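Residue numbers (the working numbering): 5 to 205. Single-structure report; data block below.
So this is what it looks like as structure tokens:
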């Protein structure tokens, strides 16, 4: 489970990237409203959600509680990439926003590389974008019983320099993730709260 808010590098968008961010409306454009993951980073960074990682002989299986996502990643090289997304939910719906991935080991690290993304958002609170040409690298390292993930996004069309995110996770005794059973939501509660606050002033 996520331990703390994590960190991010300076976000330096290109003109095209900044236009996407400027056009973003959280109350309308957040994919989470439709039980859709906005990006891999959005799923890693969700607080209070369990994650289970299983190392298999020739693949990595990651179960995310959020949206009941199941991610299957072959171990090898870029030749294993296909147009098929690596992530689906329990209903069998695949999400290109999570990209197509392959994994490899480097020393004590597990490296996951993802390409072929659908446009989405690395940070849904601020509309920080990902695009079709975005390349994402996740470096997973276990130290002192904590999982450390360094997540680097590169896309020359959207970013002047790579965006680097870091997360830390603590281990739980639970053996599996809970079922999330997502249903479409909205931000009506947020609008109502703002209306009530405005009326009270």
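Ideal Cβ placement from N, Cα and C applies to all residues, glycine included. It should be emphasised that the depicted structure is a prediction, and the values quoted were computed from it without experimental measurement.
Secondary structure of residue 53, DSSP reduced to three states = coil
Who are the near neighbours of residue 65 in its chain, counting only those whose CB is closer than 6 Å to its CB and skipping five residues on each side?
-> 58, 76
Residue span of the alpha helix (DSSP H) that contains residue 46, given as start and end | From DSSP, the alpha helix (DSSP H) with residue 46 extends over 44-48.
Where does residue 44 land, buried or exposed, given buried means 16+ other C-beta within 10 angstroms?
-> buried
Can you tell which of 181, 173, 182 has the C-alpha that lies nearest to the C-alpha of residue 7?
-> 173
Through-space distance from residue 127 to residue 121, alpha-carbon basis = 15 Å
Neighbourhood of residue 16 by C-beta distance below 7 Å, restricted to the same chain and skipping five residues each side = 163, 164, 165
Who are the near neighbours of residue 18 in its chain, counting only those whose CB is closer than 7 Å to its CB and skipping five residues on each side?
-> 161, 162, 163, 164
Label residue 142 either buried or exposed according to how many other C-beta atoms from any shown protein chain fall within 10 Å of its C-beta, with 16 as the threshold for buried.
-> buried
Assign residue 144 to buried or exposed, taking buried as 16 or more other Cβ atoms, counted over all protein chains shown, within 10 Å of its Cβ.
-> buried
Measuring alpha carbon to alpha carbon, tell me which of 29, 151, 182 ends up nearest residue 49.
-> Of the candidates 29, 151, 182, the one whose C-alpha sits nearest the C-alpha of residue 49 is 151.
Leaving out five residues on either side along the sequence, give the residues of the same chain with a beta carbon under 8 Å from the beta carbon of residue 94.
-> Same-chain partners within the cutoff: 72, 74, 183.
How would you label residue 4, buried or exposed, when you count the other beta carbons within 10 angstroms and need 16 or more for buried?
-> Because the chain spans 5 through 205 in this model, residue 4 falls outside it and cannot be assessed.
For residue 29, which option in 175, 133, 146 has the closest C-alpha, if you only look at C-alpha atoms?
-> Distances from the CA of residue 29 to each of 175, 133, 146 were compared; the closest alpha carbon is that of 133.
Determine the extent of the alpha helix (DSSP H) in which residue 21 is found, giving its start and end residues.
-> 19-27
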